[in-house]
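K.L.:
The sequence shown lines up with residues 1 to 382 when you count with UniProt numbering. Okay, here's the structure, questions in a sec.
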Amino acid sequence: MTAAQAPAGRMELVTTLPPTTALREVPAVVARIERLGFDTVHVPETTHDSLAVALLAAEHTSRITVRTSMTLAFPRSPMVTAYAAWDLARFSEGRFQLGLATQVRGNIVGRFSVPWDRPAENLRDYLASIRAIFAAFTANGPLEHEGSHYRFTRLQPYFNPGPLSTAAPALYTGGVNRRVCEVAGELADGFVTHATNSHPSHLRTVVLPALRAGAARAGRAGIPRVVVVSKSITGPTPAALAASRDSARQELAFLFSTPAYRTTLDRLGLGRIGGRLAGMAASGRWAGLADTLDDETLATLIPHGTYAELPGVLARAYGGLADGLGLGLPLDPADDEDFGALLERLRDIPTSTTACDPPATDGPDDEATGAARGGAGTEALS
1 MTAAQAPAGR
11 MELVTTLPPT
21 TALREVPAVV
31 ARIERLGFDT
41 VHVPETTHDS
51 LAVALLAAEH
61 TSRITVRTSM
71 TLAFPRSPMV
81 TAYAAWDLAR
91 FSEGRFQLGL
101 ATQVRGNIVG
111 RFSVPWDRPA
121 ENLRDYLASI
131 RAIFAAFTAN
141 GPLEHEGSHY
151 RFTRLQPYFN
161 PGPLSTAAPA
171 LYTGGVNRRV
181 CEVAGELADG
191 FVTHATNSHP
201 SHLRTVVLPA
211 LRAGAARAGR
221 AGIPRVVVVS
231 KSITGPTPAA
241 LAASRDSARQ
251 ELAFLFSTPA
261 YRTTLDRLGL
271 GRIGGRLAGM
281 AASGRWAGLA
291 DTLDDETLAT
301 LIPHGTYAEL
311 PGVLARAYGG
321 LADGLGLGLP
331 LDPADDEDFG
341 ALLERLRDIP
351 TSTTACDPPA
361 TDGPDDEATG
371 AARGGAGTEA
381 LS
């Protein structure tokens, strides 16, 4: 564990840099994130290049971990990604971590014009390629990697950046469905849940078993670190909580409109809502998506509570299941002091006790997450 990570045995607290943050605003926002007391900032890849934004985040912080969550793997050669990650690790003095993900077929093919071929196997080879390249950088030695999708056999000394004074960047990945989770169990240092697969029941029945299966197949003693990014809804008062709920509604509706992300909705008996959202998205009715997620549905899907209530809510939902928890920034900077105190309380939530060794280079009942209100789809996270 590096000095930039959360203290041993305590919950890692993570926030995501708002995707709409303009480049010139990044320095002020990440400085605020560090000041609030977060351990890690996640840099997403939506409308900006995550690796470029990560450089700004590293430059304007001194303590926190900067982790991409997630850099899209397939539009980039593993060598291109490895060079950028190596530079970021050197520049940040070991505070950078590389998060890699597949995205969905529609975006990879339609938005990036990149082939979509066996994504889980592709991601497995991508991670193995990155590790092989990192090893060659570290050893100042030759590069030999022959995989299912990538082949690297040439790295002359002139093009080798040489070893770091810190460890190579940790590799994180994310995913929703079982096969990608198994890949993480095999090869990743950490796993970040997607907002649509963060429900405790999905973690217990899909994500964690898949991570264990992948780890067992690779002969690892434990699973990767698990960071849960559930889009928890909170505020200092009930009125502020309601405002935060309305703010989160649009993003969650957009995410759940993607058919590949419907697993949790189906599991909770809310498949009809997923079908309605997907139909609206297919017909371009983006503005009306949020109206489909009423307060009761949000309470079923997403943990929520005031600052006073949230530590108990999250402890019941994720205590013993995760090593890190994601939380959004306060909407009103005037709440920052109270929010910082909330973060300190969240650190005491019990973490996972599963040990994990580095990959080779070549819980509580669901009812504890909230009161059941009868019928399908009523596991409320409140």
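Using N, Cα and C, we set each Cβ at its ideal position, and we do this for glycine too. Small disclaimer: the values here were computed from a predicted structure and weren't measured.
Do leucine 143 and alanine 132 come within 9 Å of each other at the CB atom, strictly closer than that value?
P.N.:
In contact: alanine 132 and leucine 143 (Cβ atoms closer than 9 Å).
K.L.:
Does DSSP put leucine 17 in a helix, in a strand, or in coil?
P.N.:
Note: leucine 17 maps to coil in three-state DSSP.
K.L.:
If I follow the unbroken beta strand (DSSP E) through phenylalanine 96, where does it start and stop?
P.N.:
Note, phenylalanine 96: beta strand (DSSP E), 96-101.
K.L.:
Just how far apart, CA to CA, sit residue 393 and proline 311?
P.N.:
Residue 393 lies beyond the stretch modelled for the chain, which goes from 1 to 382, so this question has no answer here.
K.L.:
Compare the Cα-Cα distances from threonine 153 to each of Ala139, Gly174, Thr166 and Ser129 and report the closest residue.
P.N.:
It is Ser129.
K.L.:
If the criterion is Cβ atoms closer than 9 Å, does the pair proline 169 and alanine 85 meet it?
P.N.:
Yes; because the gap between Cβ atoms is below 9 Å, this pair is in contact.
K.L.:
Tell me whether alanine 101, by its Cβ, gets closer than 8 Å to a heavy atom of the ligand ADP.
P.N.:
You won't find the ligand ADP in this model; it holds no ligand whatsoever.
K.L.:
Tell me leucine 171's beta-bridge partners as DSSP assigns them.
P.N.:
In the DSSP output, where bridge partners are listed per residue, leucine 171 has Leu98.
K.L.:
For alanine 58, I'd like the list of residues in its chain whose CB is within less than 8 Å of its CB, leaving aside the five on either flank, ordered along the chain.
P.N.:
Here the set comprises Val66, Leu88, Phe91, Ser92, Arg95 and Phe96.
K.L.:
Count the other CB atoms within 10 Å of the CB of threonine 193; is the residue buried (16 or more) or exposed (fewer)?
P.N.:
Looking at its Cβ environment, which holds 16 or more other Cβ atoms inside 10 Å, threonine 193 is buried.
K.L.:
So, do the stretch 251-259 and the stretch 292-308 have three or more beta carbon pairs nearer to each other than 8 Å?
P.N.:
Because the criterion of three Cβ pairs below 8 Å is met, the stretch 251-259 and the stretch 292-308 touch.
K.L.:
With phenylalanine 191 as the anchor, note down where its beta strand (DSSP E) starts and where it stops.
P.N.:
Run containing phenylalanine 191: 190-193, per the beta strand (DSSP E) assignment.
K.L.:
Just to confirm before moving on: does the CB-CB distance between histidine 60 and valine 14 stay below 9 Å?
P.N.:
Contact: no.
K.L.:
Please report the residue range of the beta strand (DSSP E) in which threonine 40 lies.
P.N.:
Note, threonine 40: beta strand (DSSP E), 40-43.
K.L.:
Would you say the stretch 169-187 touches the stretch 215-225, given that touching needs at least three Cβ pairs under 8 Å?
P.N.:
Flag = yes, the stretch 169-187 and the stretch 215-225 touch.
K.L.:
Name the DSSP beta bridge partners of serine 113, please?
P.N.:
None; serine 113 has no bridge partner.
K.L.:
Assuming serine 232 contacts isoleucine 302 (C-beta within less than 8 Å), just tell me the rounded distance between them.
P.N.:
Indeed they touch by this definition, with Cβ atoms about 7 Å apart.
K.L.:
How many Å lie between aspartate 102 and glutamate 146 at the Cα?
P.N.:
The amino acid at residue 102 is misidentified as aspartate; the sequence shows threonine. Straight-line Cα distance between these residues: approximately 20 Å.
K.L.:
Taking just the CA atoms, how far does alanine 120 sit from serine 113?
P.N.:
One C-alpha to the other measures close to 19 Å.
K.L.:
Given a threshold of 16 other Cβ atoms within 10 Å of its Cβ, counted over all protein chains shown, does aspartate 266 qualify as buried or as exposed?
P.N.:
When all chains shown are included, aspartate 266 counts as exposed.
K.L.:
What residue does the beta strand (DSSP E) around glycine 326 start on, and which one ends it?
P.N.:
Here the beta strand (DSSP E) through glycine 326 covers 324-327.
K.L.:
Report yes if the CB atom of glycine 175 is closer than 9 Å to the CB atom of serine 244, and no otherwise.
P.N.:
No.
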